[in-house]
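Take a look at the structure set out below.
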Amino acid sequence: MRLPSLQSLTSVRWKNYLLLCAVSLLLAPLVRVSAFNIGTSGARVIRGNADTLFGTTLHFLPETSKLKSPGELMLLVSAPKENTTTTTGNKALGAVHTCTDIFKPSPSCSPFHDRADLNIRNAERRELFGFAVAVNDDGSSIICSPHFTDTNPRSAYFSIGRCSVVNESTPNTGHEYTPFYNAQDQWRRYVGVVNVSPTVKKTAYFEGLASYGFSVDSKMGDFFVAGAPGVMEGEGTVVYTDFDNNLIKFNVPFKYNLNTTAYGYLGYDVKIGQFCDNSEICFAASSPNLNRIGAVQIFKKVNKEGSDDLERIQFIQGSQAWAYFGYSLAACDVNNDGWDELLVGTPHFTDVDNANGQDQGRVFVYSRTDSNQDLQHHITLEGSRSQFGRFGSTVQCLGDINLDGYMDVAVGAPSEDNGAGNVHIYLGSSSGLSNPSNQRITASSLPVPLNGIGYAVSRSHTIPGSKYPIIAISSVAEDTVVVLSTRPIVDANVTLVATPNLIDLNEVCSDDDIEGPCFTVELCLSGDVRGGGSWDNRFNINLAIDTNVKTTGRKRALFRMSNGSYQESVEMMFDATRKRCVQYTAAVITAQGNRDRFSPVTINVDFSLASTTDDNTTPVLDAIAPQSKSTTVTFKNDCGDNNICDVDLSITGKLDYFGHKSGWTSIVVDGTKELFVELSIKNSQETNYWTVVEIAVNLDLPFSRPTPSTDPSITCQAVTQDTDETGTMPVQESKVICNYYKPLKNGETVKVGVAFDTFEISLEKKTLTVTAKVMPKNLETSKEIVPSDNTLELYTNVQIIADVTVNGVSSPAEMTVQDVKPISLDGKTNILDAYKPKDVEDLSLTHKFLVRNKGPSTLLPTKVRMSIPFYLTDASQFVNSFTVEMTSDSGDVSVCKSIKNFDSFGRVIQATTGSPIRTTKKTVEDKTTTDATMTTTLEVKKTTNDYWFPGAEPRRRRSTLSRNRRSAAALNSNIYIQSCKLDPVYCQVFECDLSHGLKRDHYAEVNVSLVVNKLNIPVPQSFNTFWYEVRAEVIQPKHELMDDWQEEEGTGNSVTKFHLVESGGKINIWIIIGSIIGGLILITIVVIILWRAGFFKRNKHQQVAQWKRESQRRSRYSSVPQSDGGPQKE
1 MRLPSLQSLT SVRWKNYLLL CAVSLLLAPL VRVSAFNIGT SGARVIRGNA
51 DTLFGTTLHF LPETSKLKSP GELMLLVSAP KENTTTTTGN KALGAVHTCT
101 DIFKPSPSCS PFHDRADLNI RNAERRELFG FAVAVNDDGS SIICSPHFTD
151 TNPRSAYFSI GRCSVVNEST PNTGHEYTPF YNAQDQWRRY VGVVNVSPTV
201 KKTAYFEGLA SYGFSVDSKM GDFFVAGAPG VMEGEGTVVY TDFDNNLIKF
251 NVPFKYNLNT TAYGYLGYDV KIGQFCDNSE ICFAASSPNL NRIGAVQIFK
301 KVNKEGSDDL ERIQFIQGSQ AWAYFGYSLA ACDVNNDGWD ELLVGTPHFT
351 DVDNANGQDQ GRVFVYSRTD SNQDLQHHIT LEGSRSQFGR FGSTVQCLGD
401 INLDGYMDVA VGAPSEDNGA GNVHIYLGSS SGLSNPSNQR ITASSLPVPL
451 NGIGYAVSRS HTIPGSKYPI IAISSVAEDT VVVLSTRPIV DANVTLVATP
501 NLIDLNEVCS DDDIEGPCFT VELCLSGDVR GGGSWDNRFN INLAIDTNVK
551 TTGRKRALFR MSNGSYQESV EMMFDATRKR CVQYTAAVIT AQGNRDRFSP
601 VTINVDFSLA STTDDNTTPV LDAIAPQSKS TTVTFKNDCG DNNICDVDLS
651 ITGKLDYFGH KSGWTSIVVD GTKELFVELS IKNSQETNYW TVVEIAVNLD
701 LPFSRPTPST DPSITCQAVT QDTDETGTMP VQESKVICNY YKPLKNGETV
751 KVGVAFDTFE ISLEKKTLTV TAKVMPKNLE TSKEIVPSDN TLELYTNVQI
801 IADVTVNGVS SPAEMTVQDV KPISLDGKTN ILDAYKPKDV EDLSLTHKFL
851 VRNKGPSTLL PTKVRMSIPF YLTDASQFVN SFTVEMTSDS GDVSVCKSIK
901 NFDSFGRVIQ ATTGSPIRTT KKTVEDKTTT DATMTTTLEV KKTTNDYWFP
951 GAEPRRRRST LSRNRRSAAA LNSNIYIQSC KLDPVYCQVF ECDLSHGLKR
1001 DHYAEVNVSL VVNKLNIPVP QSFNTFWYEV RAEVIQPKHE LMDDWQEEEG
1051 TGNSVTKFHL VESGGKINIW IIIGSIIGGL ILITIVVIIL WRAGFFKRNK
1101 HQQVAQWKRE SQRRSRYSSV PQSDGGPQKE
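Here the sequence shown is numbered in UniProt numbering, starting from 1 and rising by one per residue.
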């Protein structure tokens, strides 16, 4: 949602939130914060007239106000859309009510200021009276109407705005301030025509939509500052006014470029604060839409050349577009350092890393110091991080609600909890605001169901005779105000002492029922109400021993009860209104103590108030102060009478690798899974109890596990480090702490090993340093006498090894040609002398290259360089058109960029823009160039000779080239090769981006599609084959971790072979004659073989037929049975 146009500027706040209350969205569930000292059960609800925006501003009138009786509680509530009638009978829009009898069954509210009419108004007014209100400590108030209109000039309506300063003695009258009203009827100050350009004019609003009084703040009744965000097409401004009628406007020149500062709305909110020295007047003003990012500007009142002026001394810019940085402001000293913190509400801030992060909202807190006068960002308040929660829609300095001497803050989030709304309470302290919040007031905790709670929050107010203040919150969507009381706070005074503190396991307890040693635990507890006062409550107490040991059977000490039983904890209840002390005897379990005599025994007490009913009078414990206390008991060690052990710990070790290929001597990115740090710890002096080994790596490597060589008694844990010791710089290292609890005696050695996960290792450092340090845990009881051998540094390198292969294939791979052109081997011809065929016959060639990374490391982002022979060595054009594209491993297709081109004269053009080039078919130049053109071309050649194809070579060089060509041909059976490796000057070069690199076993494909002139295929005399070669080369990435490639590594080629055959009609006649004679001989041989087999003898055929007939006759006779059942004989 964006800021509205000027016409609806002053309705943005209430309109936005009325809409938000109707929105039903699926939000992440919220955990309700337990209440601190603002009670909700006895809340008082005040309802205004419907649809009046009742509760837009909330102010408790101070005790010095003359509008109320001494001791009377009066709340000032504005309703900017309420229909009212003035004493003159004119209709108006807006009212400010005084509400009394708040804590009675029926609170009453009545209009506070019945405005006097001014001559500049003569029609029905919709001025939004009370949209912004400021109340001074002396009881005077400033009530503003940002939609106040001047209806005189030419029947036009201009929302110039006004503010009324209400005098306490005569509350129904007051002085009206309209700094943008034009008494001389010079309406041109409101609107005019400006020249945007020499030919374009524009109608612009100068001061006609000023909306003065959209925001207001005052200081001690001496002066006030109001915002006019509609001035100069919504650029906005601020106006300083003191009560001596001195008025200062911050001049904002009109900007013709409305895309920059127009609609920034300077003055959207203003807050006076102690941002400068005590004698100076400073205030903050927001521009939530400035440059679509928003900004807050700090102004100071200065005197220049005898006149007062406003000077901007600091400019604080937001960090996210459309977040509404500066939608709400607050200025209060939350740490008592004498300077006000500036709180900047940003309700539409979106967490871009969270799928449900839209419009969560933030509040940015800025502070200054004595040494630095500029406000610096201190912390960021985040609320519930609820989607569409609009946290930061209002920010209010409450005052000291918990009586700890520090200012506290409330932040409204009227759209959290599906539009029900919340108010977050942050308590001040010497270090600033608590974060997260100490309390969240939810709509569900109030006596009546409401939506949009948190639109406005009042400052706290203390009723005479009471120590604790009250506050008011509102929901303008429901036209409802809720008044809440704060509850008394109890400060707990607790002492916990154990004697004796040093336990000798060889001693025996004075209590005969306890076999081993023992000690006494004494607990004392009492409570005092902060600010004084009587109360009646009790403490619930839980006293536990040896809390670091979770298993009861392993505890080294237990409480000995009066009935003879042993317990690990005791529950009891104390009267909280007076001090009470109890004592318990703790028995040491000798066997468990001997197993672990180096770690202390911890005794802990937890306490809470027995009654926590939310009745606004029942006290609560301080939520910031700890509600527990602990003490420790240590064991005496066998290190002499002083109980201090002189130890000599030393450390040795090495680095090893897991998941590592044999032969590698460093960490290979994506190839080495884990780095093992194998250490040996030895003690050469008295026994050391509790040995600590600290292992740090200068890269952020996750701790994986202890290595198999580690002693089972050792426990290791990673240490989380967000910033360095100064608290400013992020830590780029990993640290693991290993603890060996057993005694390490003289001459003993223990093995310690940890594994770090290196699979996603950072590429920032080439050398990895492991620093290992061993020390006693307790330096007071264990003294290291030789610290020089307590630290060990081990080093290894980080290396990127990417085995890249390039395989090429062409289509067609081979073909035959009949007509070729002659070409010389003795030299290279200038393009002006090139052979140019008059006819063109297109032939399509395709060369495909598979670029594959065999790993183990991911290939860093790089380029694949393609070299394509574009011209022949006689300078004639061979390629008519081309397309070079790459298909990445993800399937994305991109056009490769040409880095070396040719113009129509064959001159080299170095591509500087890197734009991709894709050509269509290009007609070969005809040789019939005019003499004039030829002459001009020759002149260019003289001045740019380095960019032309070379002409005829010197004779000695021609001979060398001829021998090289002939030598290559001899080795390749009369093959003539056109290759960019041999003749790079005739080649066009492309670069294909591997912008995301190439993972292990992934590949990319480069497709080169060419259309060449078939009639221009060259074959020198005595040669019968022409090879056309396209080369691909993967450029080695420039990185210090990259392993250097060998020569020709990452390169490949693809060849199309053209074989020369003679044209038809020239076949040798003797080949034909020989073929005919061979066929006749073959036929003769076949006939002889058949004849010898008897195939041609007819008598044999007759005999075979006779044999067949006799065989059939015998078969019929044999089927007739004999008398004895056997076959009949012939």
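Backbone N, C-alpha and C fix where the C-beta goes; we use that ideal spot for every residue, glycine too.
Since the model is a prediction, treat every value here as computed from it, not as a measurement.
Worksheet item: By how many angstroms is the C-alpha of Ser430 removed from the C-alpha of Glu571?
Response: 35 Å
Item to complete: Using the Cα positions of Arg126 and Ser328, report the straight-line distance between them to the nearest angstrom.
Response: 24 Å
Worksheet item: Should Asn122 go down as buried or exposed, given a rule of 16 or more other Cβ atoms within 10 Å for buried?
Response: Low confidence applies to Asn122: its pLDDT is 37, below 50, so where it sits in the model is not reliable, and the reading given next is rough at best. Exposed is the call here.
Worksheet item: Would you call the CB atoms of Gly139 and Ser65 closer than 8 Å?
Response: yes
Discussion item. Rounded to the nearest angstrom, what separates Glu1110 and Val1087 at their Cα positions?
Written reply: 33 Å
Worksheet item: Does the distance from the CB of Gly421 to the CB of Gly392 come in under 8 Å?
Response: no
Fill in: Span of the alpha helix (DSSP H) around Thr590
Thr590 to Arg595
Practice prompt. Kindly give me the distance between the Cβ atoms of Ser215 and Gly227, rounded to whole angstroms, as I take these residues to be in contact under 8 Å.
Written response: 4 Å
Worksheet entry | Arg1092, enclosing alpha helix (DSSP H) - first and last residue | Ile1069 to Arg1092
Worksheet item: Hey, how far is the Cα of Asn451 from the Cα of Asn49?
Response: 16 Å
Worksheet item: Residues in its own chain within less than 6 Å of Ser867 by CB, not counting five upstream and five downstream?
Response: Cys980, Cys987, Val989 and Arg1031
Item to complete: Return helix, strand or coil for Tyr1003, following the three-state DSSP convention.
Response: strand
Worksheet entry | Which residues DSSP lists as bridging Pro660, in chain order | The sequence given here has His at residue 660, not Pro. His660 is not bridged to any residue.
Worksheet item: Is the Cβ-Cβ distance between Val458 and Leu58 less than 8 Å?
Response: It should be noted that the sequence gives Ser, not Val, for residue 458. Yes, the pair counts as a contact, with Cβ atoms nearer than the cut-off.
Discussion item. Looking at the strands, I want to know which residues DSSP matches up with Phe315.
Written reply: Gln297
Practice prompt. Please state whether DSSP places Ser650 in a helix, a strand or coil.
Written response: strand
Worksheet item: With Asn487 and Pro619 assumed to form a contact (beta carbons below 8 Å), what rounded beta-carbon distance in angstroms separates them?
Response: Reading off the sequence shown, one finds Arg at residue 487, where the question assumed Asn. Right, the Cβ-Cβ distance comes to about 6 Å (below 8 Å), so this counts as a contact.
Item to complete: Tell me whether Pro469 sits in a helix, a strand or coil according to DSSP, three-state version.
Response: coil
Worksheet item: CA-CA distance, Leu26 and Ala355?
Response: Caution is warranted here: a pLDDT of 28 is assigned to Leu26, below 50, making its placement in the model unreliable, and no coordinate value can be reported.
Discussion item. Bridge partners for Gln978 per DSSP, in chain order?
Written reply: Tyr1028
Practice prompt. List the whole-angstrom C-beta distance separating Ile401 from Ala498, where the pair is believed to meet the contact cut-off of C-beta under 8 Å.
Written response: Wrong, their Cβ atoms sit about 38 Å apart, outside the cutoff.
Worksheet item: Ordered along the chain, which non-local residues of its own chain (more than five positions away) have a Cβ less than 8 Å from that of Lys636?
Response: Leu502, Ile503, Asp504, Leu505 and Asn643
Item to complete: Can you say whether Glu280 is buried or exposed, counting buried as having 16 or more other CB atoms within 10 angstroms of its CB?
Response: exposed
Worksheet item: In chain order, which continuous runs of the beta strand (DSSP E) of length 3 or greater are located wholly inside the segment 739 to 777?
Response: 749 to 757 and 767 to 776
Worksheet item: Would the segment 528 to 540 and the segment 548 to 559 be scored as touching if the rule is three or more Cβ pairs under 8 Å?
Response: no
Item to complete: Check each candidate in Phe129, Asp244, Ala134 and Asp51 and name the one with the smallest Cα separation from Val225.
Response: Ala134
Practice prompt. Taking only the alpha-carbon atoms, compute the straight-line gap between Gln583 and Ser434 and give it to the nearest angstrom.
Written response: 36 Å
Item to complete: Starting from the C-beta of Ser1009, find all residues in its chain whose C-beta is less than 6 Å away, skip the five residues before and the five after it, and write them out in chain order.
Response: Thr846 and Thr883
Worksheet item: Considering Val529, what are the terminal residues of the beta strand (DSSP E) in which it resides?
Response: Cys518 to Val529
Worksheet item: With DSSP run on the structure shown, which of helix, strand or coil describes Ala410?
Response: strand
Item to complete: Just grab the DSSP bridge partners of residue 1193 for me.
Response: Nothing in the structure corresponds to residue 1193, since the chain is present only between 1 and 1130.
Worksheet item: Once you ignore the five residues that flank residue 1134 on each side, which residues in its own chain have a CB closer than 8 Å to its CB?
Response: Residue numbering for the chain in the displayed model covers 1 to 1130; residue 1134 lies beyond these limits and cannot be assessed.
Fill in: Distance CB(Leu998)-CB(Asp892) smaller than 8 Å
no
Worksheet entry | Delimiting residues of the alpha helix (DSSP H) encompassing Met232 | Val231 to Gly234
Discussion item. Run through the DSSP bridge pairs and tell me what Gln583 is partnered with.
Written reply: Glu522
Item to complete: Let me know if Met886 comes out buried or exposed under the rule of 16 or more other beta-carbons within 10 Å of its beta-carbon.
Response: buried
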